Every structure is written in structure tokens, then in C-alpha cells.
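Reading through the C-alpha cells given below for one structure.
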Amino acid sequence: MNVDYIVERNILCRLRKIRKSYVLIGVSKCFETNDMGKKIWDSIDGKHTVKDVIDKIVQEYAVDYSIVEKDVLDFIEILIAVNAVKVVN
Amino acid sequence: MNEVMVFEKINRKLDINKLIDRIQPNSNDILFVAGSLIEGEMSKHSSGMGNINSDIDIFIITDDMEYYNDVVYDEGFCKTTFFGLDGNSFDVEIYEYKEVIYFIEKLRKIDFEDKDIDNICTLNLFDLNCSMLNQYMSFIHRIINSKPIYNCDKYYNIREQICAKNYYLYNVRYNINQVDLYYEDVVGYIEEKQGILAVCLARKLMIYAIGAFLFANNISFDREKWIPLLLENLSKENEKLKEIFESFKQLSFGVDLKNNSDYINNAKEILNWIDCLISNL
């Protein structure tokens, strides 16, 4: 996984808020995620690179780039493993 | 209470006493008027509703359903009839008092924080069939957006018993359920490259998604036809809402769909848009 990749959501997957938690549904299992996971999920559009996603979050939350980079890359790797997103470039 | 109700938009008047004389209710019955003309004047969010062809809806809540026998439809829990008076057309719906109270009580008792209801289909939260449930929900919408004309104190007493929070929560959940019910069908059409079907169904889901969004913002409706108007009115309140309305318009009318690939892309974009809109609700 590197930051130049562009990832696209599996259109079967969608995020729903169930009693104050975010739950990713549409793949074989449901996955609960947090606010950061939701932010990353919302930023994945099949057009922007992973770096764009990181930059957007860094800008919005004013946090250290390296921390966000690790969070985003880790989360996207999980999403790829569960077939919720795929790399398109 | 004014004895004459004026609908400025269509330059029409409604003589309340004449209307009550025409209906001849029991002394204990509750009467209120509702419908797009009333609603359009009651709330800035509903501005623009109702036109020269709109009927006025009259609701009667009674202890004695048998009293109203001269009706067009009798569905048991609700009777419906129609008449005209002084150039106005009226739709009349008659409900039984104890059934209305039972439904309101049932709605109040739903605990949306209870984990056990997560696996219960929204429609099954009530022990009513789908058609009755939809009609009672519509009734709740109407009573929220109505004006009493007979036994007003009793009318306000019923209104106070409605748990608005649960009414909105239920309808958010119902509309999201409708999205999820057809979501995979849209995906199936996309995968099968059936572009027109995918777009048509995706647009229908977009309306449900906006419906959920409206209820989440405490905006009520009981007919899908008003959803775009309500969103447009709401969009005048802030930039974020305006952005949602503009993106809805763009996806619906701002795209030039020339071939199947365009249809497929539009359907995919709509699904993403829906996901972003309702994942926050």
C-alpha cells in the first residue's frame, strides 16, 4: 500500500449509523468503525489518491501528517482485506 | 378561533361554521383540517405546497364510527368520504378515538436505544399491517400540521400525547430501510450493465435518503412528492444544506446521459451520494 494509490469503494458496501456507532455493511461481515474511519470512508471516491485523503484529514484536524498517514494506510489495508475497497491504479 | 379560514395563495375562503354544519359531528368528536394548503401556510419549510387544485383534508376523531355511515370507503380502522362546499373540495378521513390513542401510545413506547430492536424490521415495530401503519403515520403527520376546528382542547390534548422524537426516529429508520431494501438491486443492475434500470432505481433511493435526512432534521412529510420542495426550502437555511440540495439537483438534472456507460456512472455516483448523506444520520 502506498499513498499514490487511488482506491474505490465496493459499491455493495455502505456505512450506517446504528445507535451512535458507525457500521460498515454489505460485505460478508459487519464492521464497526470510529469517527476517523468514517472520515476516511467518506473521502474514498475512486478519484483521489490516498495522499489526498491524508492531506484532507490533516488539514481538517490539524494533526501530524505521519500519524494520519499511518491511520489511513492501516485502515485502507483492512478495507482491502475485507473487500470493501479496491485499488484502481 | 377564526370562523373563516383564508387561503391567500389561491384566493379562497373556508367558512368553518358552514363546514361543521355540513359534517354534523357528534358533540364529542374532534375535527381538524390539514393538507397541502394548510401545511403550506403553517411552516416556512412547507412554503410552496398546495395549489388551486388542492383538496382540503378534514380529519374526524370519534368514539362512534357507526355514526358515519355515508362514506365512500370503509377500511374498518378508517372511513373516507368526499364532498364539495363553496368551491372547495374536501377529503374526509374518520378515525376511532381509542385506536388513535392506542397507536400514539405504541409509538411512544418504542425504545430506540434498546439493542434488541436492531434486528427487528422497522415495519414490525408495530403490530399493524403495512398499509395501516403507513396511514397512521400519515395521520400523525397530518395532526402535527393541522388546525383544529371543533373540540380544540381535545385536539391539543391528543397532540401533546404524540412522542415527536419517536415519530421522527421511526421515520428516519423507515426511510433508511427503504434505501437498504433496494440498494443491492441497484448494484445488481449496475453489474448487469442495465443502466436505465440502475439510474431509475437509484433516483428513487435518493428520494428516500433525502426523506431520512429530512426526518433527522425534524422535518415531517407524508408524501414523497414534497421531498424536493422541503429540501429546497431547507437549503435556504445554511451553506451545508444548500450544498446538499445543489448536489441533488446536479445528480438528477445536471448530467448529460448519452449512453449506457453514462447511466451506470450516474447510478454509482448517486449510491455514493446516498451513502454520504445517510451515514451521518
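Line order of the protein sequences matches chains W and H. Just so we're aligned, residue 90 is where the first sequence starts under this note's numbering, counting upward by one. Just so we're aligned, residue 897 is where the second sequence starts under this note's numbering, counting upward by one. Note that beta-carbon positions come from the ideal geometry of N, C-alpha and C, so glycine has one too. Small disclaimer: the values here were computed from a predicted structure and weren't measured.
Label residue i either buried or exposed according to how many other C-beta atoms from any shown protein chain fall within 10 Å of its C-beta, with 16 as the threshold for buried.
| i | result |
| --- | --- |
| W/R103 | buried |
| W/V139 | buried |
| H/E1001 | exposed |
| H/E935 | buried |
| H/M1033 | buried |
| H/R1069 | buried |
| H/I1092 | exposed |
| H/I1006 | buried |
| H/G1107 | buried |
| H/V900 | exposed |
| H/K975 | buried |
| W/V177 | exposed |
| H/V996 | buried |
| H/L1130 | buried |
| H/Y969 | exposed |
| H/N1162 | buried |
| H/Y998 | exposed |
| H/N861 | In the structure as shown, chain H starts at 897 and stops at 1177, and residue 861 of chain H therefore has no counterpart that could be examined. |
| W/L113 | buried |
Reducing DSSP to helix, strand and coil, say where residue i ends up.
| i | result |
| --- | --- |
| H/P1044 | strand |
| W/F164 | helix |
| H/G936 | helix |
| H/M945 | coil |
| H/S950 | coil |
| H/M1033 | helix |
| W/C102 | coil |
| H/I957 | strand |
| H/G980 | strand |
| H/Y1070 | helix |
| H/S1175 | coil |
| W/A170 | helix |
| H/C1017 | coil |
| H/S1116 | coil |
| H/Y1051 | helix |
| H/S1027 | helix |
| H/S1148 | helix |
| W/Y94 | coil |
| H/K1089 | coil |
| H/Y991 | strand |
| W/S155 | helix |
| H/S985 | strand |
| W/Y150 | helix |
| H/D925 | coil |
| H/L1153 | coil |
| H/D1010 | coil |
| H/D1076 | helix |
When the Cα atoms are used, what is the spatial distance from residue i to residue j?
| i | j | result |
| --- | --- | --- |
| H/I1058 | H/G1150 | 41 Å |
| H/D1012 | H/N1071 | 20 Å |
| H/Y954 | H/A1060 | Note that residue 954 of chain H is Ile in the sequence shown, not Tyr. Taking the straight line from one Cα to the other gives about 22 Å. |
| W/Y150 | W/I167 | 22 Å |
| H/D1152 | H/Y1104 | 23 Å |
| H/S943 | W/K118 | 44 Å |
| W/I153 | W/V161 | According to the sequence as given, residue 153 of chain W is Asp; it is not Ile. Between W/D153 and W/V161, the C-alpha separation is close to 12 Å. |
| W/N91 | W/W130 | 17 Å |
| H/K1043 | H/V902 | 12 Å |
| W/V96 | H/E1056 | 51 Å |
| W/G135 | H/N1156 | 20 Å |
| W/I107 | H/N1025 | 25 Å |
| W/K109 | H/L1127 | 25 Å |
| H/Y1066 | H/H941 | 20 Å |
| H/E1087 | H/I912 | 58 Å |
| H/W1122 | H/K1136 | 20 Å |
| H/V967 | H/V988 | 9 Å |
| H/K1132 | W/I146 | 28 Å |
| H/D960 | H/E971 | 15 Å |
| H/I919 | H/E904 | 24 Å |
| H/S1175 | H/F973 | 36 Å |
Who are the Cβ neighbours of residue i in its own chain at under 8 Å, not counting the five residues just before and after it?
| i | result |
| --- | --- |
| H/Y1064 | F1111, A1112, N1114 and S1116 |
| W/N123 | Y111 |
| H/D1118 | M1033, S1034, H1037 and R1038 |
| H/F986 | L915, D951, I952, D953, I954, F978, F979 and G980 |
| H/M1102 | F1144, L1147, S1148, I1166, W1169 and I1170 |
| H/Y964 | I956, T958, K975, T977 and I990 |
Tell me which same chain residues have a C-beta within less than 7 Å of the C-beta of residue i, skipping the five on either side of it?
| i | result |
| --- | --- |
| W/K127 | L104 and Y111 |
| H/S932 | M945, G946 and S950 |
| H/L1097 | Y1078, D1081, V1082 and Y1085 |
| H/R1004 | C1059 and N1062 |
| H/M938 | N1041 |
| W/V157 | I143, I146 and V147 |
Considering only residues of the same chain and omitting the five flanking positions on each side of residue i, which have a CB-CB separation below 6 Å?
| i | result |
| --- | --- |
| H/F1109 | L1173 |
| H/I926 | I957, N1047, K1050 and Y1051 |
| W/R98 | I133 and V174 |
Please list the partners that residue i has in chain A, where partner means a Cβ-to-Cβ separation under 8 Å.
| i | result |
| --- | --- |
| W/K127 | Looking for chain A here will not work: the only protein chains present are W and H. |
To test your reading of the DSSP string, which unbroken alpha helix (DSSP H) runs of 4 or more residues are found completely within the region 106 to 133 of chain W?
124 to 132
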